[in-house]
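As they're listed, the protein sequences go chains Z and P.
Each number in my numbering comes from the position in the first sequence (counting from 1) with 121 added on.
Each number in my numbering comes from the position in the second sequence (counting from 1) with 148 added on.
A short write-up of the structure that comes next.
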Amino acid sequence: GAGVSQTPSNKVTEKGKYVELRCDPISGHTALYWYRQSLGQGPEFLIYFQGTGAADDSGLPNDRFFAVRPEGSVSTLKIQRTERGDSAVYLCASSLIGADGYTFGSGTRLTVV
Amino acid sequence: AQKITQTQPGMFVQEKEAVTLDCTYDTSDQSYGLFWYKQPSSGEMIFLIYQGSYDEQNATEGRYSLNFQKARKSANLVISASQLGDSAMYFCAMRVNNAGNMLTFGGGTRLMVKP
Chain Z
122 GAGVSQTPSN
132 KVTEKGKYVE
142 LRCDPISGHT
152 ALYWYRQSLG
162 QGPEFLIYFQ
172 GTGAADDSGL
182 PNDRFFAVRP
192 EGSVSTLKIQ
202 RTERGDSAVY
212 LCASSLIGAD
222 GYTFGSGTRL
232 TVV
Chain P
149 AQKITQTQPG
159 MFVQEKEAVT
169 LDCTYDTSDQ
179 SYGLFWYKQP
189 SSGEMIFLIY
199 QGSYDEQNAT
209 EGRYSLNFQK
219 ARKSANLVIS
229 ASQLGDSAMY
239 FCAMRVNNAG
249 NMLTFGGGTR
259 LMVKP
């Protein structure tokens, strides 16, 4: 596609529920990143994929968070037993390995009530 | 660990004037890249400008320039001839080249352009 696509754009869920957030990167971009942006703050790194494998998942806050990229393209961020503190905008970005340019999606705004 | 500091939570600038947004960074690595992104109220992160740590000249992209002072570890963004459409959040970010490919962001500066 022309850009990084994230779906849904908005998600409201009840505390304790499971959610999946999807990221469709730019075609051919082998690197994919997930960030979380809380209100009034800068994005915080969660996880980075090179191809199908997670090259760095050091930013995942706890074991309720998990992400996959089974075919090296689309990625899904999965959050189990959601908590109100998980409410944030989840941003996805993609790039070519070694390139200086990162293209961000418009994000998924997750609200846990 | 890398850290980016943006000390100006909010800035006002008169339309058509220039404005400087401050960014300082902390890393012990010698090879790194510095980025500025614009985030309008719609939420997308728009890439503005990039400076590599070994680049000897300051980066420029149209009305944007990056005032890179390596010894002081600062990478301030200068926007010339401000326009109303420049009103947005601005984030400084850093990538350390031997510590993965991820960006570390600062807390951002909200720029408001007055007509």
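Just so it is clear, CB atoms sit at the ideal spot from N, CA and C, and this is done for glycine as well.
Helix, strand or coil for residue i? Go by DSSP, reduced to three states.
| i | result |
| --- | --- |
| D177 (chain Z) | strand |
| L232 (chain P) | helix |
| D207 (chain Z) | helix |
| T224 (chain Z) | strand |
| T208 (chain P) | strand |
| V195 (chain Z) | coil |
With which residues is residue i paired in a DSSP beta bridge?
| i | result |
| --- | --- |
| I147 (chain Z) | None; I147 (chain Z) has no bridge partner. |
| N215 (chain P) | P:N224 |
| T175 (chain P) | T175 (chain P) is not bridged to any residue. |
| S126 (chain Z) | Z:D145 |
| M242 (chain P) | P:L182, P:T252 |
| S215 (chain Z) | Z:L153, Z:T224 |
| Q162 (chain P) | P:K262 |
Thinking C-alpha only, which one of the options is nearest residue i?
| i | options | result |
| --- | --- | --- |
| S228 (chain P) | P:L169, P:E192, P:T257, P:I152 | P:L169 |
| G163 (chain Z) | P:S230, P:K262, P:T155, P:S179 | P:T155 |
| N224 (chain P) | P:F239, P:P188, P:G254, P:N215 | P:N215 |
| Q231 (chain P) | P:M242, P:Y202, P:E165 | P:E165 |
| R202 (chain Z) | Z:Q127, Z:V133, Z:G222, Z:Y139 | Z:Y139 |
| V233 (chain Z) | Z:T128, Z:L181, Z:T134, Z:W155 | Z:T134 |
| L182 (chain P) | P:P157, P:K151, P:V167 | P:K151 |
Less than 9 Å between the beta carbons of residue i and residue j, yes or no?
| i | j | result |
| --- | --- | --- |
| M237 (chain P) | R211 (chain P) | no |
| A188 (chain Z) | T197 (chain Z) | yes |
| R190 (chain Z) | F166 (chain Z) | no |
| S215 (chain Z) | S130 (chain Z) | no |
| Y222 (chain Z) | G193 (chain Z) | Looking at the sequence itself, residue 222 (chain Z) is Gly, so the reference to Tyr does not match. No, the Cβ-Cβ distance between G222 (chain Z) and G193 (chain Z) is not below 9 Å. |
Practice prompt. Determine which residues of the region 143 to 167 of chain Z have a Cβ less than 7 Å from any Cβ of chain P, and write them out in chain order.
Written response: Residues of the region 143 to 167 of chain Z whose Cβ lies closer than 7 Å to any Cβ of chain P, in chain order: A152, Y154, Q162, G163, P164, F166.
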